[in-house]
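Shown next, in structure tokens, is the structure this report addresses.
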Amino acid sequence: MPLIPSIRPGVVLNGHRITQIEVDGPEMLIRWAAGRGVMGDPPEKRQIDRFYPELAAGLHLPKLGRVTGPTDSAALGDQSDKFRPRYAVNVQLLNESGGDDDSPELVAVPLPVTMAGPEGGLYQFPPEGAIVELGFINGRPDAPIVRNTLQDDQPLPSISPGEQLQQQRAGVSQRVTKSGSWQRETDQAIEENSRQRIITGDTETRELSSRQALIKGSDQLTVIGTRRLLAGGVVQIVDGDWSVVASGKMVTRCASREDVTTGAATTEIGGTLSERITGIRKSVAAAHHILAPSIVIGSEAVNLMRLFTDTLDVLEELARQTAEHTHNNTGTPTNSGEISATAAKPAELRMKYDDMIG
Numbered sequence: 001m002p003l004i005p006s007i008r009p010g011v012v013l014n015g016h017r018i019t020q021i022e023v024d025g026p027e028m029l030i031r032w033a034a035g036r037g038v039m040g041d042p043p044e045k046r047q048i049d050r051f052y053p054e055l056a057a058g059l060h061l062p063k064l065g066r067v068t069g070p071t072d073s074a075a076l077g078d079q080s081d082k083f084r085p086r087y088a089v090n091v092q093l094l095n096e097s098g099g100d101d102d103s104p105e106l107v108a109v110p111l112p113v114t115m116a117g118p119e120g121g122l123y124q125f126p127p128e129g130a131i132v133e134l135g136f137i138n139g140r141p142d143a144p145i146v147r148n149t150l151q152d153d154q155p156l157p158s159i160s161p162g163e164q165l166q167q168q169r170a171g172v173s174q175r176v177t178k179s180g181s182w183q184r185e186t187d188q189a190i191e192e193n194s195r196q197r198i199i200t201g202d203t204e205t206r207e208l209s210s211r212q213a214l215i216k217g218s219d220q221l222t223v224i225g226t227r228r229l230l231a232g233g234v235v236q237i238v239d240g241d242w243s244v245v246a247s248g249k250m251v252t253r254c255a256s257r258e259d260v261t262t263g264a265a266t267t268e269i270g271g272t273l274s275e276r277i278t279g280i281r282k283s284v285a286a287a288h289h290i291l292a293p294s295i296v297i298g299s300e301a302v303n304l305m306r307l308f309t310d311t312l313d314v315l316e317e318l319a320r321q322t323a324e325h326t327h328n329n330t331g332t333p334t335n336s337g338e339i340s341a342t343a344a345k346p347a348e349l350r351m352k353y354d355d356m357i358g
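Per the UniProt record's numbering, the very first residue in the sequence shown carries number 1; after that it's consecutive.
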């Protein structure tokens, strides 16, 4: 009866492929090729790999890659599609040890967008050398996407539990503290553009080296309390009219003051105007008009305006004495009547001006 061996050459046994079988009576000698053994896949696995090649290639698992550079740039309104995503980077796949994989570099791998929308979202190209997590849409090797950017081998910013941080680099960041405060800082410029801006707060503190504002329309400031301005110097230039209105008391105090008015000036005071000048007051004008029912010039005790009436009294007395005086060899002056008539005129002038003298 011919012998039919249960194991034939080509069969994998214990991880080794059988190359030769020798049968000697009840004994069977099995030989296999020297070297590394060969492990065959079970038929079930081979069938799964056949119908689901992405499982055999491991495309269902996240993979790591290293960014080699941005692929493209985008302008406002540019369309993003699978043929040219624009917002994408080139990626070199990494193996399980973290080194570069033998596979070719992936080109134009789309980046993830938070809050994506038409011409909207949060965008940032990862820097060259950044480690990213890759996924493959539907397990297709020709449809890779970047799922996330990892911080592997990168220096970290200052961050504590409970905080939120958006930082481009040290000194350029936006932070939400654990207590809920917002902190923004940059060593460059912050530009804001809006149709309308509304700011509401309890207190505001600003510290600036210099400030310049251009208001193309009207500027209105309403202060319920007291407004204080402390400045080394103030220069105000007005192209049109300038009005200052106060319902209460207005106080101006300075070391020295100089007013220059090229046109006319009008001052209207509803009550009393009092001036107290320690030094000398000088007034130079082409003409000086003082209109008042009563005028006082002088000191508290002496009114210089009384000099006019006092002079009239003296003139009246001199005129009467002249009209009445006599000599030893003559009588009164021949025109004593005219002199007496002239002596009556100062009294009339006194009555005319006496009410104007305070």
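In this text, a Cβ means the ideal position worked out from N, Cα and C, and glycines have one as well. For clarity, every value in this text was computed on a predicted model and none was experimentally measured.
Handout entry: Residue closest to A57, alpha-carbon to alpha-carbon, out of G171, D142, P161 and S179
Key = The residue you call residue 57 lines up with position 57 of the sequence shown. Comparing Cα positions, the closest option is D142.
Problem - For E300 and A292, the rounded distance between their alpha carbons - result: Position 292 of the sequence shown, counting from 1, holds the residue named residue 292. Position 300 of the sequence shown, counting from 1, holds the residue named residue 300. Rounded to whole angstroms, A292 to E300 spans 19 Å at the Cα level.
Exercise for the section: Can you have a look at R46 and say buried or exposed, based on whether 16 or more other CB atoms are within 10 angstroms of its CB? Expected result: Counting from 1 along the sequence shown, the entry for residue 46 is found at position 46. With a threshold of 16 other beta carbon atoms within 10 Å, R46 falls short and is exposed.
Practice task
Mind the definition here: the stretch 61–77 touches the stretch 85–98 only if three or more C-beta pairs lie below 8 Å; say whether that holds.
Solution key: yes
Problem - Burial state of A33 (16 or more Cβ within 10 Å) - result: By one-based count along the sequence shown, residue 33 stands at place 33. A33 is exposed by the Cβ-count criterion.
Exercise for the section: With DSSP as the reference, please indicate the residues paired to A323 in a beta bridge. Expected result: In the sequence shown, the residue the question calls residue 323 occupies position 323. In DSSP, A323 forms no bridge with anything.
Exercise for the section: Measuring alpha carbon to alpha carbon, tell me which of E185, E163 and L165 ends up nearest V172. Expected result: Within the sequence shown, numbered from 1, the residue matching residue 172 stands at position 172. The option with the nearest alpha carbon to V172 is E185.
Practice task
Please confirm whether K63 and L134 have their CB atoms less than 7 Å apart.
Solution key: The residue given as residue 63 occupies position 63 in the sequence shown. The residue given as residue 134 occupies position 134 in the sequence shown. Yes, the Cβ-Cβ distance between K63 and L134 is below 7 Å.
Practice task
Flag this pair as yes or no: are the beta carbons of L59 and G139 separated by less than 7 Å?
Solution key: In the sequence shown, residue 59 corresponds to position 59, counting from 1. In the sequence shown, residue 139 corresponds to position 139, counting from 1. Between L59 and G139, the C-beta spacing is below 7 Å.
Exercise for the section: Could you name the residues of the same chain whose beta carbon sits closer than 8 Å to that of G25, not counting the 5 residues immediately before and after it, in chain order? Expected result: Within the sequence shown, residue 25 is the residue found at index 25, counting from 1. Around G25: no qualifying Cβ.
Problem - Burial state of G65, where buried means 16 or more other Cβ atoms lie within 10 Å - result: Numbered from its first residue, the sequence shown carries residue 65 at position 65. Looking at its Cβ environment, which holds 16 or more other Cβ atoms inside 10 Å, G65 is buried.
Practice task
Measure the Cβ-Cβ separation of residue 384 and P346 and say whether it is below 7 Å.
Solution key: Any property of residue 384 remains undetermined from this structure, which presents the chain solely from 1 to 358.
Handout entry: 3 or more residues per run - each beta strand (DSSP E) lying fully within the stretch 37–70
Key = 63–70
Practice task
Tell me whether D310 sits in a helix, a strand or coil according to DSSP, three-state version.
Solution key: Your numbering for residue 310 matches position 310 in the sequence shown. In the structure shown, D310 sits in a helix (DSSP, three-state: H, G or I).
Exercise for the section: Give me the Cα-Cα distance between G298 and M356, rounded to the nearest whole angstrom. Expected result: Your numbering for residue 298 matches position 298 in the sequence shown. Your numbering for residue 356 matches position 356 in the sequence shown. Between the alpha carbons of G298 and M356 lies a gap of roughly 15 Å.
Practice task
Can you tell me which of S210, W182 and M351 puts its alpha carbon nearest to the alpha carbon of R306?
Solution key: Here the question's residue 306 lines up with position 306 in the sequence shown. Taking only the C-alpha atoms, the option nearest R306 is M351.
Practice task
Please confirm whether I131 and D152 have their CB atoms less than 7 Å apart.
Solution key: Taking the first residue of the sequence shown as 1, we reach residue 131 at position 131. Taking the first residue of the sequence shown as 1, we reach residue 152 at position 152. It is a contact, given that the beta carbons lie within the stated cut-off.
Exercise for the section: Note down, in chain order, each residue of its chain lying with its Cβ closer than 6 Å to the Cβ of L304, except the 5 sequence neighbours on either side. Expected result: For the purposes of this step, residue 304 is identified with residue 304 of the sequence shown, where counting begins at 1. Excluding residues within five positions, the ones whose Cβ falls inside 6 Å are I297 and G298.
Exercise for the section: With a 10 Å radius around its C-beta and 16 neighbouring C-beta atoms as the bar for buried, classify L214 as buried or exposed. Expected result: In the sequence shown, the residue the question calls residue 214 occupies position 214. Exposed, because fewer than 16 other Cβ atoms sit within 10 Å of the Cβ of L214.
Exercise for the section: Output the distance between the C-alpha atoms of V67 and H16, rounded to the nearest integer angstrom. Expected result: Walking along the sequence shown from the start, residue 67 turns up at place 67. Walking along the sequence shown from the start, residue 16 turns up at place 16. Taking the straight line from one Cα to the other gives about 42 Å.
Exercise for the section: Kindly indicate which three-state DSSP category I137 falls into: helix, strand or coil? Expected result: Here residue 137 is taken as the residue at index 137 of the sequence shown, counted from 1. I137 falls in the helix class under three-state DSSP.
Practice task
Report the three-state DSSP secondary structure of residue 359 (helix, strand or coil).
Solution key: Only positions 1 to 358 of the chain appear in this structure, which leaves residue 359 out of reach.
Practice task
Indicate the three-state DSSP secondary structure (helix, strand or coil) for L13 in the structure shown.
Solution key: For the purposes of this step, residue 13 is taken as the residue at position 13 of the sequence shown. Correct three-state label for L13: strand.
Handout entry: Per-residue DSSP class, three states only, for T334
Key = Residue mapping note: residue 334 aligns to position 334 of the sequence shown, counting from 1. If DSSP states are grouped into helix, strand and coil, T334 belongs with coil.
Handout entry: First through last residue of the beta strand (DSSP E) which encompasses G117
Key = Indexing the sequence shown from 1 puts residue 117 at position 117. Here the beta strand (DSSP E) through G117 covers T114 to G117.
Handout entry: Enclosing beta strand (DSSP E) for N148 [first to last residue]
Key = By 1-based counting over the sequence shown, the position of residue 148 is 148. Start and end: P144 to L150.
Exercise for the section: Work out the CA separation of Q220 and R84 for me, nearest whole Å. Expected result: Here residue 84 refers to the residue found at position 84 of the sequence shown. Here residue 220 refers to the residue found at position 220 of the sequence shown. The alpha-carbon atoms of R84 and Q220 are separated by roughly 52 Å.
Exercise for the section: Could you pull out every residue in the same chain whose Cβ sits closer than 8 Å to the Cβ of D101, ignoring the five residues on either side in sequence? Expected result: Here residue 101 is taken as the residue at index 101 of the sequence shown, counted from 1. Excluding sequence neighbours, D101 sits near Q92, L93, L94 and N95.
Problem - As assigned by DSSP and simplified to three states, the class of E275 - result: Here residue 275 refers to the residue found at position 275 when the sequence shown is read from its first residue. DSSP places E275 in coil when its eight states are reduced to three.
Problem - E22, DSSP secondary structure in three states - result: As a first step, residue 22 must be located in the sequence shown, where it is residue number 22. Three-state DSSP puts E22 in a strand.
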